[in-house]
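J.: Terminal number for the sequence shown in our numbering: 1210, no gaps in between.
Yeah, the Cβ is synthetic: ideal placement off N, Cα and C, and Gly gets one too.
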Amino acid sequence: MRIAFIGTRGIPARYSGFETFAEELGARLVDRGHEVTVYCRRHHCEELRSMHRGMRLVRVPGIATKHLDTISHTFVSCLHALFQPYDIVVMCISGNSPLAFIPRLRGTRVVMNVDGSDWRRKKWGRLARAYIKMSEWFSIHLPNATVTDSQVMRRYYLERYGAETVCISYGGDMPPSTDDSTLKRLGLRPHEYFLLVGRLVPENCAHHLVDAYEALETDLQCVVVGDAPYQEAYIADLKRRGANVLFTGYLFGEAYRELMHNAYAVVVCSEVGGTHPVLVEAMAAGNCVVVNDTPANLEVVGEAGLSYSGERGAEALGEALRKIQSDRSEVDRYRVLAVKRARSQYCWDSVTDEYERLFGRLSSRPRPGAVTRVGIDGHR
831 MRIAFIGTRG
841 IPARYSGFET
851 FAEELGARLV
861 DRGHEVTVYC
871 RRHHCEELRS
881 MHRGMRLVRV
891 PGIATKHLDT
901 ISHTFVSCLH
911 ALFQPYDIVV
921 MCISGNSPLA
931 FIPRLRGTRV
941 VMNVDGSDWR
951 RKKWGRLARA
961 YIKMSEWFSI
971 HLPNATVTDS
981 QVMRRYYLER
991 YGAETVCISY
1001 GGDMPPSTDD
1011 STLKRLGLRP
1021 HEYFLLVGRL
1031 VPENCAHHLV
1041 DAYEALETDL
1051 QCVVVGDAPY
1061 QEAYIADLKR
1071 RGANVLFTGY
1081 LFGEAYRELM
1091 HNAYAVVVCS
1101 EVGGTHPVLV
1111 EAMAAGNCVV
1121 VNDTPANLEV
1131 VGEAGLSYSG
1141 ERGAEALGEA
1151 LRKIQSDRSE
1161 VDRYRVLAVK
1171 RARSQYCWDS
1181 VTDEYERLFG
1191 RLSSRPRPGA
1201 VTRVGIDGHR
């Protein structure tokens, strides 16, 4: 099949889970004999390469502002795709869903990956939230199939819109790291630091960890990896409050894997969204994980991690951190459970199997005619 990914910033993955999703799923589809194209934002992916891991890269422009970046780039990508012989277009982010009709004009099947309820993010104003809520409706009416990455989000779409989606989890393979250069550069000791990785936006609640750590009596260090555009005030406040916290900015690739494989525990404080890629990858790397007790986070960890009350915030997280810092045998037990769960529930090869089956069902449908939807069981 000829498959295109539209709506991400592009690959190599340098920003969020959607970019990793496109790269990891796309590369495995190439290995299975499919032709894969990934659309990249010209201002985000400055490398002039035309191929990556067997995938064709198409760099198109967009309007690089907070509110127009994603939708403008997706619009241009869809126009380009309209003149390409793709069998499947995988479109990411529900906010792009009003454009899903464009590839369908030539009979191309569109799969929409909606992630979580993006309108809940605090970075959006009133108009942006209204638009994203409207986009959720489009995301179940315009594509041929809508994919959610957790049972929590599947139930959300079923209860709110009466629409069945295809639930396919996120993959979390985390190859081991044999390098220690990043640890040395940052002055870190293996398995002697708490780690948080993510975009530093209010709804990811890095302030829970910063405040909890500053109130903690411990020899363990605390490392926060990440950054975010348009969040200068929030990040400045985090750094002011976290005088003893190490803020590294963005780290990717080998440096990211190195920190993941050497953490004492990984903390995921996010309060919105579906399956968080960092959480799945932290488990795959064999970490003891501590999560904000949202339904989506609890679904991912099961019995293989600890949780704290997000409503109580830093106070509750501090209690969890004190518990695990004094009991390393318990941390080791959670490490074993996390790896086992990640391998059984969140493996990229299994994820690819499910997407390949979905694409096969869609591509076998007659192309002409009215809207055709595929639900969770593969039926119209």
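Just how far apart, CA to CA, sit T850 and S1011?
T.: For this step, residue 850 is matched to residue 20 along the sequence shown. For this step, residue 1011 is matched to residue 181 along the sequence shown. Rounded to the nearest angstrom, the two C-alpha atoms are 23 angstroms apart.
J.: Taking the DSSP output, what are the residues bridged to V920?
T.: Locating residue 920 in the sequence shown gives position 90, counting from the first residue. Answer by DSSP bridge pairing, in chain order: F835 and V941.
J.: Given a threshold of 16 other Cβ atoms within 10 Å of its Cβ, counted over all protein chains shown, does E1145 qualify as buried or as exposed?
T.: In the sequence shown, residue 1145 corresponds to position 315, counting from 1. E1145 comes out exposed.
J.: Look up V1075 in the DSSP assignment and say whether it is helix, strand or coil.
T.: Within the sequence shown, residue 1075 is the residue found at index 245, counting from 1. Coil.
J.: Work out the CA separation of G1190 and I1206 for me, nearest whole Å.
T.: For the purposes of this step, residue 1206 is taken as the residue at position 376 of the sequence shown. For the purposes of this step, residue 1190 is taken as the residue at position 360 of the sequence shown. With a pLDDT of only 49 at I1206, under 50, the local geometry of the prediction cannot be trusted, and no value is derived from it.
J.: When DSSP builds the beta bridges, which residues end up paired with C870?
T.: As a working note, residue 870 is residue 40 in the sequence shown. DSSP, once it has assigned bridges, lists R889 as partnering C870.
J.: Nearest-angstrom Cα distance between S846 and E1084?
T.: On the sequence shown, position 16 is the one that residue 846 refers to. On the sequence shown, position 254 is the one that residue 1084 refers to. Taking the CA atoms as reference points, S846 sits about 16 angstroms from E1084.
J.: When DSSP builds the beta bridges, which residues end up paired with F905?
T.: Taking the sequence shown and counting its residues from 1, one reaches residue 905 at position 75. None; F905 has no bridge partner.
J.: Shortest alpha-carbon distance to E1129 belongs to which of S902, G1104 and E1111?
T.: Here the question's residue 1129 lines up with position 299 in the sequence shown. Measuring from the Cα of E1129, the nearest candidate turns out to be G1104.
J.: For E865, does the three-state DSSP call read helix, strand or coil?
T.: Walking along the sequence shown from the start, residue 865 turns up at place 35. E865 falls in the strand class under three-state DSSP.
J.: For Y1080, which three-state DSSP category applies?
T.: Within the sequence shown, numbered from 1, the residue matching residue 1080 stands at position 250. The answer is coil: DSSP assigns Y1080 none of H, G, I, E or B.
J.: Mind checking who F848 pairs with in its DSSP beta bridge?
T.: As a first step, residue 848 must be located in the sequence shown, where it is residue number 18. In DSSP, F848 forms no bridge with anything.
J.: Along the chain, where does the alpha helix (DSSP H) that runs through A1172 open and close?
T.: Residue mapping note: residue 1172 aligns to position 342 of the sequence shown, counting from 1. Here the alpha helix (DSSP H) through A1172 covers R1158 to Q1175.
J.: Let me know the secondary structure DSSP gives Q1061 once reduced to three states.
T.: Indexing the sequence shown from 1 puts residue 1061 at position 231. Note: Q1061 maps to coil in three-state DSSP.
J.: Give me the Cα-Cα distance between I998 and V920, rounded to the nearest whole angstrom.
T.: The count along the sequence shown starts at 1 and reaches residue 998 at position 168. The count along the sequence shown starts at 1 and reaches residue 920 at position 90. Using only the alpha carbons, I get a separation of about 13 angstroms.
J.: Compute the Euclidean distance between the alpha carbons of P1032 and S1194, then round it to the nearest angstrom.
T.: Translated into the one-based positions of the sequence shown, residue 1032 becomes position 202. Translated into the one-based positions of the sequence shown, residue 1194 becomes position 364. If I take the Cα positions, the gap works out to 44 angstroms.
J.: Considering only C-alpha positions, which residue in the set D1123, C1052, A1134 and S1100 is nearest to M1113?
T.: Stepping through the sequence shown from its first residue, residue 1113 is reached at position 283. Residue A1134 is the option with its Cα nearest to M1113.
J.: So if DSSP puts Q914 in a beta bridge, which residue, or which two residues, is it bridged to?
T.: Position 84 of the sequence shown, counted from the first residue, corresponds to residue 914. Partner(s): none; Q914 has no beta bridge.
J.: How big is the Cα-Cα spacing for I923 and V944?
T.: Within the sequence shown, the letter at position 93 stands for residue 923. Within the sequence shown, the letter at position 114 stands for residue 944. Using only the alpha carbons, I get a separation of about 5 angstroms.
J.: Would you call the region 854-870 in contact with the region 1177-1187, where contact means no fewer than 3 C-beta pairs closer than 8 angstroms?
T.: Yes, since at least three Cβ pairs between the region 854-870 and the region 1177-1187 fall closer than 8 angstroms, the two stretches touch.
J.: Taking Cβ positions, are G1132 and V1169 nearer each other than 7 angstroms?
T.: The sequence position of residue 1132 within the sequence shown is 302, counting from 1. The sequence position of residue 1169 within the sequence shown is 339, counting from 1. Their beta carbons are not under 7 angstroms apart, which means G1132 does not touch V1169 by this criterion.
J.: Taking its Cβ as the centre, do 16 or more other Cβ atoms sit within 10 Å of N1074, making it buried, or is it exposed?
T.: By 1-based counting over the sequence shown, the position of residue 1074 is 244. That one is exposed.
J.: Counting Cβ pairs closer than 8 angstroms, one from the region 1060-1080 and one from the region 988-997, do we hit at least three?
T.: no
J.: Quick one: complete beta strand (DSSP E) runs, 3+ long, within the region 958-1013?
T.: Runs of the beta strand (DSSP E) inside the region 958-1013: 975-978.
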